[in-house]
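Take 120 as the starting number for the sequence shown in the numbering used here and just add one per residue.
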Amino acid sequence: MKPHIKLLVVVSCVCAIISACIGVFYSFDGTARTVTNIYGQEVNLFGDGIYANDTIMKAGATKGTDIVIIIASSLLLYVVLFLSRKKYASFLQSGLLSLILYASTCLIMGVSFNRLFLLYTLQFGSTLFAFILSMTELLQSQSFDDALYEKRLTGTAIFILIGGCSALVWMMFIIPSVVLGKPMEIIDTYTTEPTFALDLAIIFPSSLFCGIALFKKKAIAYQLAPVLLTLLTGVGICVILQTVFQSSLGVVLGAGPLFGLVISFVILGTIALLLNIKLLKRTGGA
120 MKPHIKLLVV VSCVCAIISA CIGVFYSFDG TARTVTNIYG QEVNLFGDGI YANDTIMKAG
180 ATKGTDIVII IASSLLLYVV LFLSRKKYAS FLQSGLLSLI LYASTCLIMG VSFNRLFLLY
240 TLQFGSTLFA FILSMTELLQ SQSFDDALYE KRLTGTAIFI LIGGCSALVW MMFIIPSVVL
300 GKPMEIIDTY TTEPTFALDL AIIFPSSLFC GIALFKKKAI AYQLAPVLLT LLTGVGICVI
360 LQTVFQSSLG VVLGAGPLFG LVISFVILGT IALLLNIKLL KRTGGA
């Protein structure tokens, strides 16, 4: 690995661990308060910690994601510092960077402005450039056994297509709002939801491209698949911990959202992990 990429990855991980630890553990014993949003609706704010000015649902979700980011960043540091010579390391590096980049984007665009904004910005910038450079190196190489590139990974291709299409679940919030001209029921104090844009504009088309390219046995798809599978695994774990934190804060999910937004993503994350392990074994490990 080139030194400048390693430096960017280390900066990204250190920033992510610091910001996530503050997000999870910092508290000044504040209490929830109610405000009126720009749509005239009453909304409950968390009132404590770095996410004091965020809604209870957003604070719970972000704290759950923070736990995952602490784990992912620590794992990425270990991979970069001690496993960089392994063939599978480049896949884990790019995949974990994609997860941290996803979370970083949500921090700078999705939570209320707070005193960590400059740290979030450094985290986002270093992660973005580390991801771009890592993916550039990865897509220009062939890391698997030669025989794998001649094999059509039908099951993996179908799963990645399904995983990408899961982003369409957000349409059940977006379409009614667009048609009726009313704010989304989950918009709270925010003007938009970056998760919707990231999933629909990036994850969805990337998954379609990778899945279709796998059917056609394109080499680039074999390099991209483990990255997407790592991201889907991370998202599945995020959803679990987001739900745990939200429940601890008194947020109650109905049967529909619980199945559509939680259980389905958990299933997707589990399958993604198993497929990724199977695929990375074909690198030879050395």
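Heads up, the beta-carbon is just placed ideally off N, CA and C, and yes, glycines get one too.
If you're wondering where the values come from, they're calculated on a predicted model, not measured in any experiment.
Assuming Leu127 and Ser209 form a contact by the criterion Cβ under 8 Å, report the distance between their Cβ atoms to the nearest whole angstrom.
Reading the sequence shown from its first residue, position 8 is the one you call residue 127. Reading the sequence shown from its first residue, position 90 is the one you call residue 209. 14 Å between Cβ atoms; not a contact.
Proximal residues to Pro302 (C-beta, below 6 Å), its chain only, five neighbours per side dropped:
If you number the sequence shown from 1, residue 302 lands on position 183. Excluding residues within five positions, the ones whose Cβ falls inside 6 Å are Tyr158.
Own chain, CB closer than 6 Å to Gly168, minus 5 neighbours either side, in chain order
By one-based count along the sequence shown, residue 168 stands at place 49. Hits under 6 Å: Tyr145 and Ser146.
With a 10 Å radius around its C-beta and 16 neighbouring C-beta atoms as the bar for buried, classify Val298 as buried or exposed.
Position 179 of the sequence shown, counted from the first residue, corresponds to residue 298. By the neighbour-count rule (16 or more Cβ atoms within 10 Å), Val298 is not buried but exposed.
Could you tell me the alpha carbon to alpha carbon distance between Ile356 and Ile124, rounded to whole angstroms?
Translated into the one-based positions of the sequence shown, residue 356 becomes position 237. Translated into the one-based positions of the sequence shown, residue 124 becomes position 5. Straight-line Cα distance between these residues: approximately 27 Å.
State the beta-bridge partners of Asn77 as determined by DSSP.
It is not possible to answer for residue 77, since the shown part of the chain is limited to 120 through 405.
From the DSSP output, in three-state form, read off Thr246 for me.
Along the sequence shown, read from residue 1 onward, the residue named residue 246 stands at position 127. Of the three classes helix, strand and coil, the one that applies to Thr246 here is helix, per DSSP.
CA nearest to the CA of Asp307, picked from Cys140, Ser193, Gly388 and Thr153
Locating residue 307 in the sequence shown gives position 188, where the first residue counts as 1. Here the closest residue by C-alpha is Thr153.
Ordered along the chain, which non-local residues of its own chain (more than five positions away) have a Cβ less than 8 Å from that of Leu252?
Position 133 of the sequence shown, counting from 1, holds the residue named residue 252. Around Leu252: Lys121, His123, Ile124 and Leu127.
On the DSSP bridge assignment, give the partners of Thr174 in chain order.
Along the sequence shown, read from residue 1 onward, the residue named residue 174 stands at position 55. Thr174 pairs with Leu164.
Inter-residue spacing [alpha-carbon to alpha-carbon] between Cys284 and Ala338:
The count along the sequence shown starts at 1 and reaches residue 284 at position 165. The count along the sequence shown starts at 1 and reaches residue 338 at position 219. If you take the alpha carbons of Cys284 and Ala338, they lie about 22 Å apart.
Distance, Ile294 Cα to Met254 Cα:
Walking along the sequence shown from the start, residue 254 turns up at place 135. Walking along the sequence shown from the start, residue 294 turns up at place 175. Distance between the alpha carbons of Met254 and Ile294 is about 34 Å.
Using 8 Å as the Cβ pair cut-off and three pairs as the minimum, do the region 330-346 and the region 259-267 touch?
yes
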